[in-house]
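Below is one structure; the comments refer to it alone.
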Amino acid sequence: MSNVLSQPEEPPRRPRDRAPRPSAKVIRRRRILVIAGAVVVVVALVAGLVIALTPHDDRNAANGSASPKPSTSSSASATPSSSPSASTPPSPPGFDKTQFSIDDPASIWVVSDKLRPLNPVDYAPADLTAMQIPTTWGAVPYLRKPAADALTAMTQQYTAETGLSIQIQSDYRSYQSQVKVYNGWVASKGQAAADLTSARPGFSEHQTGLAVDLVGVPAKCGLNACFGDTPQGIWLATNAYKWGFILRYPKDLTPVTGFEYEPWHFRYVGVELATEMHDTGVQTLEQFFGLPAAPDYAP
Numbered sequence: 000m001s002n003v004l005s006q007p008e009e010p011p012r013r014p015r016d017r018a019p020r021p022s023a024k025v026i027r028r029r030r031i032l033v034i035a036g037a038v039v040v041v042v043a044l045v046a047g048l049v050i051a052l053t054p055h056d057d058r059n060a061a062n063g064s065a066s067p068k069p070s071t072s073s074s075a076s077a078t079p080s081s082s083p084s085a086s087t088p089p090s091p092p093g094f095d096k097t098q099f100s101i102d103d104p105a106s107i108w109v110v111s112d113k114l115r116p117l118n119p120v121d122y123a124p125a126d127l128t129a130m131q132i133p134t135t136w137g138a139v140p141y142l143r144k145p146a147a148d149a150l151t152a153m154t155q156q157y158t159a160e161t162g163l164s165i166q167i168q169s170d171y172r173s174y175q176s177q178v179k180v181y182n183g184w185v186a187s188k189g190q191a192a193a194d195l196t197s198a199r200p201g202f203s204e205h206q207t208g209l210a211v212d213l214v215g216v217p218a219k220c221g222l223n224a225c226f227g228d229t230p231q232g233i234w235l236a237t238n239a240y241k242w243g244f245i246l247r248y249p250k251d252l253t254p255v256t257g258f259e260y261e262p263w264h265f266r267y268v269g270v271e272l273a274t275e276m277h278d279t280g281v282q283t284l285e286q287f288f289g290l291p292a293a294p295d296y297a298p
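Below you can see the structure in the form of structure tokens.
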């Protein structure tokens, strides 16, 4: 028997401690959480993109919608903003059609047609003004002062631009003068034809002192539809509104005005109204003011 004591056996070495491996159930749960998180992120991104690309329609507020706008500065917000949004500037006020009378013969907006005689019928303006503009009959022409000043400036501008000239073929006519003119047309053409060409006494725009018949120098196509094709006629039709004149009897609107196309007859209404009619494309005073068409005189 050996005297050497036997060494105690060493316990078997254990491998280094490792974290316990998660079970398959835990792994599956983690994967689900990761996927769910990714889905949430994607949905949030898509929702944000949709909101950003969707136009904000303030009509919901006007229609009484209960859905609030996300922005407190929106016009549909329950708390009104102290100042208008820069993206929605306030609309300019509409044109005031009541600032001048259309019934008073002394008003620059007076509407005289076959259904609207002047009142009184023998009205005579108080501010007739002589003009230094040539005429076909060689005498000094007259219009009311605002029309006279505007016509003088307009004809001077035309000459400065083109080197050509414009002259007057007919200016202010008194009631008595209109009696003679109308009777002359009736004698030469008959009453039916005369009523398409010349106004009866008391119905004429020339009696207001705001209407003028124009022609070129020399007088080509005077009182004739071909004047609309002359250099003067073309320029006036395009530019007269800038000085407050409208072409009173346009082409193809005889059923409204009661008169044939007269490219030579211009009526002063002031720059504001003439510009509004030009910009809106409304050609007659009857249409602009919502008046009945006046193709014929009342029985």
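According to numbering that gives the first Met the number 0, the stretch in the sequence shown is residues 0 to 298, in order.
C-beta: ideal position from N, C-alpha, C; glycine also.
Within the continuous beta strand (DSSP E) that includes residue i, where are the two ends?
i: D170; result: Run containing D170: none; DSSP gives neither H nor E here.
i: I132; result: I132 -> no beta strand (DSSP E), and no H or E assigned at all.
i: L246; result: F244 to L246
i: Y122; result: Y122 -> no beta strand (DSSP E), and no H or E assigned at all.
i: H264; result: H264 to Y267
Does the beta-carbon distance from residue i to residue j come in below 8 Å?
i: W263; j: L209; result: no
i: P140; j: M153; result: no
i: S203; j: R172; result: yes
i: I245; j: A218; result: no
i: L195; j: E259; result: yes
i: P230; j: L163; result: yes
i: T207; j: S111; result: yes
i: T128; j: Q166; result: no
i: V211; j: D170; result: yes
Mind checking which residues open and close the alpha helix (DSSP H) that includes residue i?
i: F287; result: L284 to F287
i: Y157; result: K144 to T161
i: H277; result: V270 to T279
i: I233; result: P230 to N238
i: A191; result: Q190 to T196
i: V255; result: T253 to T256
From the DSSP output, in three-state form, read off residue i for me.
i: L213; result: strand
i: F226; result: helix
i: Q166; result: strand
i: D112; result: strand
i: Y141; result: strand
i: K179; result: helix
i: A186; result: helix
i: K219; result: coil
Would you kindly work out how many angstroms separate the C-alpha atoms of residue i and residue j, rounded to a whole number?
i: G300; j: N182; result: One cannot answer for residue 300 here, as it falls past the ends of the chain, which runs 0 to 298.
i: S176; j: E275; result: 33 Å
i: A236; j: R199; result: 26 Å
i: R266; j: A147; result: 11 Å
i: P145; j: T256; result: 24 Å
i: I279; j: V109; result: The amino acid occupying residue 279 in the given sequence is Thr; Ile does not appear at that position. Cα to Cα, the separation comes out at about 20 Å.
i: Q168; j: G269; result: 21 Å
i: D95; j: A186; result: 43 Å
i: V178; j: I107; result: 23 Å
i: Y157; j: T283; result: 24 Å
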